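Line order of the protein sequences matches chains A and B.
In this text, residue positions in the first sequence follow my numbering: the first is 440, and each later residue adds one.
In this text, residue positions in the second sequence follow my numbering: the first is 440, and each later residue adds one.
C-beta: ideal position from N, C-alpha, C; glycine also.
All of these numbers come straight from a predicted model, not from anything done at the bench.
Protein chains: 2
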Amino acid sequence: MYYFTNLIGTFILDNKLKVIDSLSFKNVEEYSQRENKEKQLIKKHQAGSLPENKLPQVLSLFKNQKYYSEFFLKNLQLTKQSIKESVNEDNLIIQTIANINELDRISNTLVKRLREWYSLYFPELAESVQSHEKFVELVSTKTRSQLLKDLHLEVAMGADLADEHLEEMHLLAKEVSSLYELRNKHEDYLKKIMEKYCPNLNELAGTTIGAKLIELGGSLKHLAMLPASTIQLLGAEKALFRHIKTGSKSPKYGVIINHPLIQDAKKDEKGKASRMLADKLSLCARLDFFKGEFKAKEYRKELEEKLR
Amino acid sequence: MYYFTNLIGTFILDNKLKVIDSLSFKNVEEYSQRENKEKQLIKKHQAGSLPENKLPQVLSLFKNQKYYSEFFLKNLQLTKQSIKESVNEDNLIIQTIANINELDRISNTLVKRLREWYSLYFPELAESVQSHEKFVELVSTKTRSQLLKDLHLEVAMGADLADEHLEEMHLLAKEVSSLYELRNKHEDYLKKIMEKYCPNLNELAGTTIGAKLIELGGSLKHLAMLPASTIQLLGAEKALFRHIKTGSKSPKYGVIINHPLIQDAKKDEKGKASRMLADKLSLCARLDFFKGEFKAKEYRKELEEKLR
């Protein structure tokens, strides 16, 4: 007497491999919670596990129409279930950071448009306020006469436009403000999930750089498997391939270029700094993936001491 | 006795071309409103206009330091003034339509992102709702369970995400809604200024196509000067140059391709329809630029009759 289990049920077979008893699963949940019932059935028949050489014969039992369509359905169910369960923090992080990048590009484009448009009315403002965020804030909250006073400017070349025309520019400025706000909310959210999911990476890389590394690596798991030298260059693929193809200078850093430790390093130490940072980031990714301890603060101190 | 006028003032010269009397202008306004005072001065001295052959000698009078810096300032003033006055409906229309195009591109990008992101939670929705606007509306106003009911769908593969994760997607959906709203406000505004500025073009081309034609032409004036065959192809420059360079098919229409009269024409009549439409659009632009009568409705009827 043997027993054999698949997605459809647990089957008891006699020595001629004919089914003499069975336990069938209605759905994938029953399949995954079969343990007790299965044990009872096996005990009842005192069945042993199927020897490997008899497997082909048993499998051919399930080739008939009835079993096949049941198999198909159950398999589909199982696949759907695993897809469902495969959605994890990686996906959420990747979607969020991708949208942050998008929003950055978009608000840049719109501010440039606003600068051009508003310059029909007040060209001196676009010239004297360099920061995009400041510019948007001023346009959306102050009138021209207030701005003239505050900034000690004189309008010489702007046209006197009626309110109906200015209204559209104000609406655009408000839209850009709200895009900035959304971007900041995304970042807060990202920080919250990363503090739980990859505390080391989040601490040492910072939220946005950490998220970009996960995005470029594909997942925290992949990132943890990458050598430090690859992490150092993630985001610099173009320059790297140009280097390989044309022999131009090899890139020293990818997205980590914006990290404060690299930004603050002396010009001739940036390469070294990025190598050292990438080493530690790689350790962080591994600690996070294998649920290790929180060491990022130590690492940061170490790097700061070595680099200053 | 002669008189001579420039930006600085009106000067009375004796026969040896020495200045014996003058009227000076404090600013550009005084220069442009000089008529009466100038007449009095000329009458007083019974001065005649300067013969051309004496002009070089008189001009050299103004080369000294004092006159020169005054000239420079007045000229600057005059230039600023003309820049100020040069801002007109063309500029406003061009900025607005450019921003509408930008907003269309942007909301498209963001909806694609939202579809991907929301599909972690509810993949069946992105698949069953094709319209971007509808999709955004549904995500931002309804919960998954409401949607499941309304659309008779079943969630099979979406992950069960907590509210904190869904929140970011809802915020993105709301942002896109507000971009759509801004775009519509821009279009209403555009319609309002075009109804006044170029009623014929606005009527026959429609607001957005009309505005795009002005944008591509550079101004209503330029558009009015263009031959109809050029108007027909505005916006198809790439295809036109490809045709010239490689001998590929010549394009039949530029931005007017989206016009209902072209859209509704039979496939083998689209070329003819676009030629006829461009002819009338060219007339409209001319009527509008030279402040002619309102004939666009007649033109439209004529076209509709010929094309159906």
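Query                                                                                                                                                                       : Result
Tell me, which residues are paired with T582 (chain B) by DSSP?                                                                                                             : The partner list for T582 (chain B) (beta bridge, DSSP) is empty, contrary to what the question assumes.
Would a C-beta distance cut-off of 7 Å place L652 (chain B) and D529 (chain B) closer than the cut-off?                                                                     : no
On the premise that L592 (chain A) lies in contact with S570 (chain A), defined as a C-beta separation below 8 Å, what is that separation, rounded to the nearest angstrom? : Rounded, the Cβ-Cβ distance is 16 Å, inconsistent with contact.
Does DSSP put L655 (chain B) in a helix, a strand or coil?                                                                                                                  : helix
From the DSSP output, in three-state form, read off V458 (chain B) for me.                                                                                                  : strand
Let me know the alpha helix (DSSP H) ranges lying completely inside the region 464-502 of chain A, each 4 residues or longer, listed in chain order.                        : 467-471, 474-484 and 494-500
Quick one: give me the first and last residue of the alpha helix (DSSP H) that G448 (chain B) is part of.                                                                   : Careful: G448 (chain B) lies outside any alpha helix (DSSP H), inside the beta strand (DSSP E) at G448 to L452.
Return no unless some Cβ of chain A is closer than 7 Å to the Cβ of Y557 (chain B).                                                                                         : no
For K719 (chain B), I'd like the list of residues in its chain whose CB is within less than 7 Å of its CB, leaving aside the five on either flank, ordered along the chain. : L643, Y738 and L742
Give the range of the alpha helix (DSSP H) segment to which Y506 (chain A) is assigned.                                                                                     : Q504 to S525
Could you tell me whether the Cβ of E741 (chain A) comes closer than 7 Å to any Cβ of chain B?                                                                              : no
Taking Cβ positions only, does I539 (chain B) come closer than 7 Å to chain A?                                                                                              : no
Secondary structure at F834 (chain B), three-state DSSP: helix, strand or coil?                                                                                             : The requested residue 834 (chain B) is not part of the displayed model; chain B covers only 440 to 747.
Does the Cβ of E654 (chain A) have 16 or more other Cβ atoms within 10 Å, making it buried, or fewer, making it exposed?                                                    : buried
Excluding five sequence neighbours on each side, which residues of the same chain lie with their C-beta closer than 6 Å to the C-beta of L640 (chain B)?                    : G649, C723, A724 and D727
How close, in whole Å, do the beta carbons of I522 (chain A) and L629 (chain A) come, if the pair is a contact with beta carbons under 8 Å?                                 : That pair is no contact at about 24 Å.
Quick check on F574 (chain B): does DSSP put it in helix, strand or coil?                                                                                                   : helix
Smallest Cα separation from N514 (chain A): which of A:E708, A:S471 and A:A598?                                                                                             : A:S471
In chain order, what residues of the same chain lie with their CB nearer than 8 Å to the CB of G597 (chain A), ignoring the 5 residues before and after it?                 : S558, L559, Y560, F561, P562, E563 and R583
What would DSSP say about F733 (chain B), mapped onto helix, strand or coil?                                                                                                : coil
My assumption, with CB atoms under 8 Å, is that K691 (chain A) sits in contact with G710 (chain A). Please give the rounded CB distance.                                    : 5 Å
Of all the CB atoms in chain B, is at least one closer than 7 Å to the CB of H604 (chain A)?                                                                                : yes
Examine the Cβ distances between the region 534-551 of chain B and the region 472-483 of chain B and report whether three or more of them are shorter than 8 Å.             : no
On the DSSP bridge list, what partners appear for F393 (chain B)?                                                                                                           : Examination of residue 393 (chain B) is not possible in this model, given that chain B is present from 440 through 747 alone.
Which class does P699 (chain A) belong to by DSSP, given the choice of helix, strand or coil?                                                                               : helix
Given that H625 (chain B) touches chain A, what residues does it touch there, using C-beta distances under 7 Å?                                                             : E607
Please confirm if M596 (chain A) has its CB atom under 7 Å from at least one CB of chain D.                                                                                 : This model lacks chain D altogether; the protein chains it does include are A and B.
Hey, out of B:K493, B:L600 and B:L553, whose CA is closest to S579 (chain B)'s CA?                                                                                          : B:L553
Kindly confirm or deny that the region 612-622 of chain B and the region 612-631 of chain A touch, where touching means at least three C-beta pairs closer than 8 Å.        : yes
Quick check: is the beta carbon of V526 (chain A) nearer than 7 Å to any beta carbon in chain B?                                                                            : yes
If you follow the alpha helix (DSSP H) that Y557 (chain B) is part of, which residue opens it and which one closes it?                                                      : E528 to Y557
Is there contact here, the region 661-679 of chain A with the region 688-707 of chain A, by at least three beta-carbon pairs under 8 Å?                                     : yes
Determine, using beta carbons only, whether E614 (chain A) comes closer than 7 Å to chain B.                                                                                : yes
Run through DSSP, which three-state label would H591 (chain A) get?                                                                                                         : coil
Can you tell me which of the three DSSP states R747 (chain B) falls into?                                                                                                   : coil
Using the three-state DSSP reduction, which class does C723 (chain B) fall into: helix, strand or coil?                                                                     : helix
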